[in-house]
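Enquirer: Before anything else, here's the structure in question.
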Amino acid sequence: MPSPQRIARDPWLDNAKMALVTLVVIGHAWELLPPDELNSRMYDFLYAWHMPAFVFIAGYLTRTFDYSPERLWQLVRTVVVPYVVFECLLALFRLHVGGERLEDLFTDPHWPLWFLAALACWRLLTPLFLALPAVLAVLVAVLVSLAAGTMDADTVRFLDLARVLGFLPFFVLGLHTTSDRLELLRGPAVRWQAGAVLGGVWLLSARSDDLAGTQWLYYSVPYADLGATDTEGALTRLGVLAVGGAAGLAFLALVPRVDGWFTRMGSATLVVYLCHGFVVLGLGYAGFDDWAAQHPAQALPVTVVVGALLAIGLAARPVARRLELVVDPFGHAEQQVQQAVELTVVAQDPGTLPAMQNQMAAR
1 MPSPQRIARD PWLDNAKMAL VTLVVIGHAW ELLPPDELNS RMYDFLYAWH
51 MPAFVFIAGY LTRTFDYSPE RLWQLVRTVV VPYVVFECLL ALFRLHVGGE
101 RLEDLFTDPH WPLWFLAALA CWRLLTPLFL ALPAVLAVLV AVLVSLAAGT
151 MDADTVRFLD LARVLGFLPF FVLGLHTTSD RLELLRGPAV RWQAGAVLGG
201 VWLLSARSDD LAGTQWLYYS VPYADLGATD TEGALTRLGV LAVGGAAGLA
251 FLALVPRVDG WFTRMGSATL VVYLCHGFVV LGLGYAGFDD WAAQHPAQAL
301 PVTVVVGALL AIGLAARPVA RRLELVVDPF GHAEQQVQQA VELTVVAQDP
351 GTLPAMQNQM AAR
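Final position of the sequence shown in UniProt numbering is 363; the numbers increase by one with none missing.
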């Protein structure tokens, strides 16, 4: 997920980002599995908290956003431009590879692209929520999320507005989380509690259909379409928000702080997020779901391994560097111009070479 400014890299944060985007890939791949009891339970368990945690991290990384020209350009460059580019690319892929019919291009985001539409909206709202005290900001976001479920289906389709508003509390919680508060998640005692929370959510997932079916976890379906009154829907969503927030923070508490090869992939989460959909859709078009239905015992572990390897492969530096040309074309162009300027300076004054090399290494 792109951050609005370059900051010193935190191994824990990069580990969290890479772990979460890997779970996003695995979760999307799981949609190709037959809906038997185990697959459905694992799917509900994962979807109860992995996107809430993902959105929380996005909010945490957006704390410094404001309406300055620099920040607004960065929003356009790292969120709006990739949204437009990948809406077109996914549309072409679905039309010419999948033979699908498409409607409402750009206004009804393709499968994973709802997050970019949401991120643009959330960032534009950031200064407003930062102006409020933390408790009040989260309370307002929760009320907005509860109200979003009462909107009609046609309205919430525009830019996937239901999810934009539904996941808003997690983003606002991240906005108001300081590094000192985040440090509270990293104590050894907290990890035991985090394990207990996730264990409790795993037990709840066995009864998810009785408590809140899978579609409640998407935050995208109006209460009426889920067979609930506004009051029932608001109470159910409140419970889903509470579980998602607690379990998402519990997962983050378990993320290690070690620095290694996995950590360094955390800078490529946007590449993984935007590009994995082509492979997952391609597997669906190729009939992977039929194979999975015929081989249920092998399908789950194979899907997990394939999803994890896909995320790692896309985040590998040689691959990610090339895909960044499509994901962030303006950023790549700016980098090329900057390097050209630096080379010109070095050519005119060779004594500046060591300093330039240090700057390039830092980037």
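Ideal Cβ positions, reconstructed from N, Cα and C, are used throughout, including at glycine.
Here the structure is a predicted model, which means the values were calculated and not measured.
(1) I'd like the ranges of any alpha helix (DSSP H) spanning at least 4 consecutive residues and lying wholly in the segment 268–350.
(2) Where does Pro-109 fall in DSSP's three states?
(3) Taking the C-alpha atoms as reference points, what is the distance between Phe-45 and Asp-160?
(4) Taking DSSP as the reference, what is the three-state secondary structure of Leu-33?
(5) Using CA atoms only, rank isn't needed, just tell me which of Val-25, Asp-10 and Arg-9 is closest to Ala-315.
(6) At 4 residues or longer, and completely inside the segment 5–81: list those alpha helix (DSSP H) runs for me, N to C.
(7) Assign Pro-133 to one of three DSSP states: helix, strand, or coil.
(8) Does the segment 51–62 touch the segment 121–130, meaning 3 or more C-beta pairs lie closer than 8 Å?
(9) Can you give the beta carbon distance from Tyr-223 to Asp-230, rounded, assuming they're within the 8 Å contact cut?
(10) What residue from Arg-94, Leu-235 and Val-306 has the CA that sits closest to Leu-28's CA?
(11) Select from Leu-211, Ala-153, Thr-22 and Val-76 the residue whose C-alpha is nearest the C-alpha of Met-51.
(12) Would you say the segment 130–143 touches the segment 100–116, given that touching needs at least three Cβ pairs under 8 Å?
(13) Taking C-alpha atoms, which residue in Gly-233, Gln-338 and Pro-329 lies nearest to Val-76?
(14) Specify, as a first and last residue, the run of the alpha helix (DSSP H) that Arg-181 falls within.
(15) Classify His-96 as helix, strand or coil using the three-state DSSP reduction.
(16) Is Asp-36 buried or exposed, if buried means 16 or more other CB atoms sit within 10 Å of its CB?
(17) Which residues in the same chain have their Cβ closer than 8 Å to the Cβ of Thr-303, if we skip the five residues on either side of it in sequence?
(18) Give me the residue from Ala-153, Arg-9, Met-18 and Phe-170 with the minimum Cα distance to Thr-269.
(19) Measure the beta-carbon distance from Thr-108 to Arg-157 and round it to whole angstroms, keeping in mind my assumption that it falls under 8 Å.
(20) Measure the alpha-carbon distance for Thr-178 versus Tyr-47 and round it to whole angstroms.
(21) Is DSSP giving Glu-87 helix, strand or coil here?
(22) Any idea if Ala-194 is buried or exposed, counting beta-carbon neighbours within 10 angstroms, 16 or more meaning buried?
(23) Thinking just about the alpha-carbon of each residue, which of Leu-72, Ile-57, Asn-39 and Ala-311 is nearest to the one in Asp-175?
(24) Considering only their Cβ atoms, is the gap separating Pro-11 from Asp-209 smaller than 8 Å?
(25) Among the residues of its own chain, which have a CB less than 6 Å from the CB of Gly-166, if the five just before and after it don't count?
(26) Short check: CB of Ala-212 to CB of Gly-239, under 8 Å?
Expert: Once the coordinates are examined:
(1) Correct list: 269–285, 288–294, 296–315, 317–327 and 329–348.
(2) coil
(3) 23 Å
(4) coil
(5) Nearest C-alpha to Ala-315: Val-25.
(6) 11–30, 37–60 and 69–75
(7) coil
(8) With the rule of 3 Cβ pairs closer than 8 Å, the segment 121–130 counts as touching the segment 51–62.
(9) 6 Å
(10) Here the sequence assigns His to residue 28, which means Leu is not the residue at that position. Put simply, of Arg-94, Leu-235 and Val-306 the residue whose alpha carbon is nearest the alpha carbon of His-28 is Val-306.
(11) Thr-22
(12) no
(13) Pro-329
(14) Residues 179–183.
(15) helix
(16) exposed
(17) Cβ-Cβ distances below 8 Å link Thr-303 to Ile-26, Ala-29, Trp-30, Leu-32, Leu-33 and Ala-292 in the same chain, with the five nearest sequence neighbours on each side left out; the list follows chain order.
(18) The option with the nearest alpha carbon to Thr-269 is Met-18.
(19) It should be pointed out that residue 108 corresponds to Asp in this sequence rather than to Thr. Contact flag correct, Cβ pair sits at about 5 Å.
(20) 26 Å
(21) Note: Glu-87 maps to helix in three-state DSSP.
(22) buried
(23) One point to set straight first is that residue 175 is Leu, not Asp, in the sequence displayed. Of the listed residues, the one whose Cα sits closest to Leu-175 is Ile-57.
(24) No.
(25) Ser-145, Ala-148 and Tyr-219
(26) yes
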